[in-house]
Amino acid sequence: MRNLRIQEDFFRLPTLLMTEKLLGMVLVHHAPGGELLKGKIVETEAYLAEGDQACHAYRGMTPRNRPMFASPGTIYIYFTYGNHYLMNIVTEPEGTAGAVLLRALEPLEGVAAMERNRGSKSGTILTNGPGKLTQAMGIGPELNSCSLLHSPKLFLEEGKPPLPDEIGTSGRIGISRSTELPWRKYISTSPYVSGKASTKRCKKTRNALES
DNA sequence: TGTAAGATCTAG
DNA sequence: TAGATCTTACAA
239 MRNLRIQEDF FRLPTLLMTE KLLGMVLVHH APGGELLKGK IVETEAYLAE GDQACHAYRG
299 MTPRNRPMFA SPGTIYIYFT YGNHYLMNIV TEPEGTAGAV LLRALEPLEG VAAMERNRGS
359 KSGTILTNGP GKLTQAMGIG PELNSCSLLH SPKLFLEEGK PPLPDEIGTS GRIGISRSTE
419 LPWRKYISTS PYVSGKASTK RCKKTRNALE S
């Protein structure tokens, strides 16, 4: 059988190209409980240290963002809002910070386990957000700094890429700076795409536009 | 040491 | 729509 696992060359692509190429690929996690969880990536965002004030590494390396400076294919997982773990795939050569945030997945395998992980929620709200997808997939801080190239538990597989006219582009969501950069990519036909702007975000965006 | 902000989510 | 939640970064 053909090895579907994504290899090193892919992770050397420029970050902005990677946001597009990741759409349709399959994230695979062998969860500690023994379940095999798979989900198709349907929404991504790029973060680059250079010129991007919304990027954690904009001001340089800190203990938290250290994995962003590691080799391409490394996983950067961080905790935010007191509740949520968010998962990024590190891009750019070692020493240069760049990453792609996974914002939404379409569940493919292990749906029952995902629903359990999410507290019996089902349907699109299972994985239509960056915090939701990590919870559903059982991805937590223990996987921070591991590599999609070498980890036996977490890796990417080839999937069916979207057609060019299925790929949507927009400004990034949930941030207050550099919102004008069109660095969010999504599969427009997928019901699992997040993107319902929160109130907080609307206010902030409105304020930014008014000032 | 104190404070503000934050790549979010959910209940009501 | 408001609040829970708590870590990180930065200023004093």
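Residue numbers (our numbering): 239 to 449. Beta carbons: idealized from backbone N, C-alpha and C, even for Gly. As the structure is a computational prediction, the values presented were derived from the model and not from experiment.
Check whether residue 387 and residue 277 have beta carbons under 8 Å apart: Judged by beta-carbon spacing, residue 277 lies beyond the 8 Å limit of residue 387, meaning their Cβ atoms are not closer than that value.
Simplified DSSP state of residue 436, which is helix, strand or coil: Low confidence applies here, because residue 436 scores a pLDDT of 34, under 50, leaving its location unreliable; read the following figure in that light. Coil, per DSSP.
8 Å Cβ cutoff met for residue 323 and residue 377: Cβ atoms of residue 323 and residue 377: closer than 8 Å.
Opening and closing residue of the beta strand (DSSP E) in which residue 340 lies: Taken as a continuous stretch (DSSP letters only), the beta strand (DSSP E) holding residue 340 covers 336-347.
Check whether residue 342 and residue 356 have beta carbons under 8 Å apart: Their beta carbons are not under 8 Å apart, which means residue 342 does not touch residue 356 by this criterion.
Spatial neighbours of residue 249 in its chain, beta-carbon cut-off 6 Å, leaving aside the 5 residues before and after: Once the five neighbours on either side are set aside, the close Cβ partners of residue 249 are 310 and 311.
Cβ neighbour criterion (16 or more within 10 Å) applied to residue 244: The residue in question, residue 244, is buried, as its Cβ has 16 or more Cβ neighbours within 10 Å.
Residue 337 to residue 432 span [Cα, whole Å]: The alpha-carbon of residue 337 is positioned some 19 Å away from that of residue 432.
Which listed residue (430, 268 and 418) has its alpha carbon closest to that of residue 289: It is 418 whose Cα lies nearest to the Cα of residue 289.
Residue 256 versus residue 335: straight-line alpha-carbon distance, rounded: Taking the straight line joining both Cα atoms gives about 14 Å.
Where residue 382 falls: helix, strand or coil (DSSP): Coil.
Residue 328 beta carbon less than 8 Å from that of residue 220: The shown model of the chain, from 239 to 449, leaves out residue 220, and the question about it has no answer.
Sub-8 Å separation of residue 381 and residue 364 beta-carbons: The answer is no: Cβ separation not under 8 Å.
Exposed unless 16 or more other CB atoms sit within 10 angstroms - verdict on residue 253: Residue 253 is buried by the Cβ-count criterion.
Reduced DSSP secondary structure (H/G/I, E/B, other) of residue 484: The question about residue 484 has no answer, for the chain in this structure spans 239 to 449.
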